[in-house]
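**Q**
Residue numbers (my numbering), protein chains in the order written: chain A, 40 to 391; chain B, -17 to 158.
#1: Do the stretch 260 to 272 of chain A and the stretch 167 to 181 of chain A meet, that is, are 3 or more Cβ pairs less than 8 Å apart?
#2: Determine contact between the stretch 211 to 229 of chain A and the stretch 241 to 248 of chain A, defined as no fewer than three beta-carbon pairs at a distance below 8 Å.
#3: Express the C-alpha separation of residue 154/A and residue 191/A in angstroms, rounding to a whole number.
#4: With distance defined between alpha-carbon atoms, name the residue in 362/A, 129/A and 375/A nearest to residue 387/A.
#5: Let's test the definition: count the other Cβ atoms within 10 Å of the Cβ of residue 127/A and tell me whether it reaches 16, buried, or not, exposed.
#6: Determine the closest residue to residue 122/B out of 72/B, 101/B, -1/B and 14/B, with distance taken between C-alpha atoms.
#7: With a threshold of 8 Å, are at least 3 pairs of Cβ atoms found where one atom belongs to the stretch -12 to -4 of chain B and the other to the stretch 315 to 327 of chain A?
#8: Since residue 43/A and residue 218/A are thought to touch, with beta carbons under 8 Å apart, how far apart are those beta carbons, to the nearest angstrom?
#9: May I ask you to report which of helix, strand or coil DSSP gives residue 110/A?
#10: Counting only Cβ-Cβ distances shorter than 7 Å, please list the residues of the stretch 136 to 151 of chain A near chain B, keeping chain order.
#11: Could you tell me the distance, in whole angstroms, from the CA atom of residue 390/A to the CA atom of residue 164/A?
#12: Residues of chain A with CB under 7 Å from residue 77/B, in chain order?
#13: Can you check which of these residues, 11/B, 59/B and 128/B, is closest to residue 38/B by C-alpha distance?
#14: Report the three-state DSSP secondary structure of residue 264/A (helix, strand or coil).
#15: Can you find the residues in the same chain that come closer than 7 Å, C-beta to C-beta, to residue 82/A, ignoring five residues on each side of it along the sequence?
#16: Residue 370/A CB to nearest chain B CB: under 8 Å?
#17: Using a beta-carbon distance cut-off of less than 8 Å, what residues from the stretch 190 to 221 of chain A approach chain B?
#18: Please say whether residue 32/B and residue 20/B have beta carbons closer to each other than 8 Å?
#19: Let's see if you can read the secondary structure: which residues bound the alpha helix (DSSP H) around residue 336/A?
#20: Looking only at its own chain, which residues have a Cβ that is under 7 Å from the Cβ of residue 198/A, when we skip the five neighbours before and after it?
#21: Please return the same chain residues whose Cβ sits closer than 7 Å to the Cβ of residue 159/B, not counting the five positions on each side in sequence.
#22: Give the C-beta separation of residue 100/A and residue 118/A to the nearest angstrom, bearing in mind that I take them to be a contact with Cβ-Cβ under 8 Å.
#23: Hey, is residue 70/A's beta-carbon within less than 8 Å of any beta-carbon in chain B?
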């Protein structure tokens, strides 16, 4: 397969177009702007619509509208912009609509900074809007995975009729790596039973709605959705296990941080320290059984993140607090170094 | 083996462009590679830098903190990064713009008057490429042939007439 050199942000956009995304609505924000710029250049040639909305809120509501008709639709932003979109994401989830949302994270809270961060983990996995709902959240760690996960996100969004998110960060968005594009055959999910795409008086009209004034009806719709979530938790988890079979210290990290952690694990192994890496590729659903497999022989776990430790609770819950879970992180746009992570592995390994 | 390269200078000197050429050279040679720019206010004037990793194995952290090769295009970049170069590493710098005290004995210094050479040869803005020429002469990173292929990949079609100038700049770097 031909290897191209692309920025993560551009690869996300190209993958979306190849996956059959026909509508992109966005608003510029560093460090994801190249994604929207690429869409502006390419989308109309691919027979789709690119529109720079007047705000992030407008963009997500345009996605809601487009998705209602059954077309593949997407928006992207970075942390503060995603917060603005949260109301629309909740409406999309409440309306059982497929859509893809990309967050190329930067430092927060507030306007924060523009350097890489992972401090939107809680937002993405627990509460990207009000109400009982989840998104499928993918965490790529390379430009190639950005491509692969966008394709998958569109597929799963259609399959389960729910929003899916790519949780990337400024480092992945800005870096260039070799990437190849697989032959993508946008799976044709039959949307004729629900899409509001014109009935020409030949069928009953379809209603896309998230308002239920009768508590029983709202409860039923949510319970139905949660049955779907149970299936997703069973079938859609994904993780990389690296040198975990005999490891004493299991480092847990996702996204760009996992690359730093992997370098540290390799350095630790070179010094005779039995370290391994668990890298969740899906953050929701969290890969519980994969983590338990990775941690089966570990004495301690170490979560490494570009945040103040937002993944730690999920790790503790996944292993039922059966082993100590320590944390090392950098935040606000500071990227941890392999040397620092190795230092933490040694600190923990030394007190086994 | 992984070679970690850090390129640094003022915004507008072609630091990211030169880094891109190295990245494409890696692609041409079927290597693993990463290219990571600094982004943000410094790109609008001020310092710009760019990390490039070339390897036979998948790249871990793409952020270069201890470069094997430092390419410095201005004084602040040289002063800031020369102490970070890995022992045994090589420093290439524009000696027209940088006054360097070669104080470290565990690294090699390769000064070249790249700005002056660019001006003398009517290669405006070619200082970055002249430095790359010096790099391929003094390291075994890439062949001249690979470098030429890399340049052809990076120079956009609308500026294809400048490819010859870039080749000339590489030659000047290799011969000075």
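C-beta atoms are modelled at their ideal positions from N, C-alpha and C, and glycine is treated no differently.
**A** On the basis of the supplied data:
#1: yes
#2: No, because fewer than three Cβ pairs between the stretch 211 to 229 of chain A and the stretch 241 to 248 of chain A fall closer than 8 Å, the two stretches do not touch.
#3: 27 Å
#4: Among 362/A, 129/A and 375/A, the Cα nearest to that of residue 387/A belongs to 362/A.
#5: buried
#6: 72/B
#7: no
#8: 6 Å
#9: coil
#10: Taking 7 Å as the upper bound on Cβ-Cβ separation, chain B lies near no residue of the stretch 136 to 151 of chain A.
#11: Residue confidence is low: residue 390/A scores 49 on pLDDT, short of 50, so the model does not pin down where it sits. Its coordinate-derived value is still stated next. C-alpha separation (whole angstroms): 32 Å.
#12: Going along chain A, no residue has its Cβ under 7 Å from residue 77/B, so there is no contact; the nearest lies around 30 Å.
#13: Comparing alpha-carbon positions, the option among 11/B, 59/B and 128/B lying closest to residue 38/B turns out to be 11/B.
#14: helix
#15: Cβ within range, chain order: 56, 63, 88 and 89.
#16: no
#17: 209, 210, 213, 214, 215, 216 and 217
#18: yes
#19: It is not in any alpha helix (DSSP H) - residue 336/A carries neither H nor E in the DSSP assignment.
#20: Once the five neighbours on either side are set aside, the close Cβ partners of residue 198/A are 228.
#21: Absent from the structure is residue 159/B, since the part of chain B shown begins at -17 and ends at 158.
#22: That pair is no contact at about 19 Å.
#23: yes
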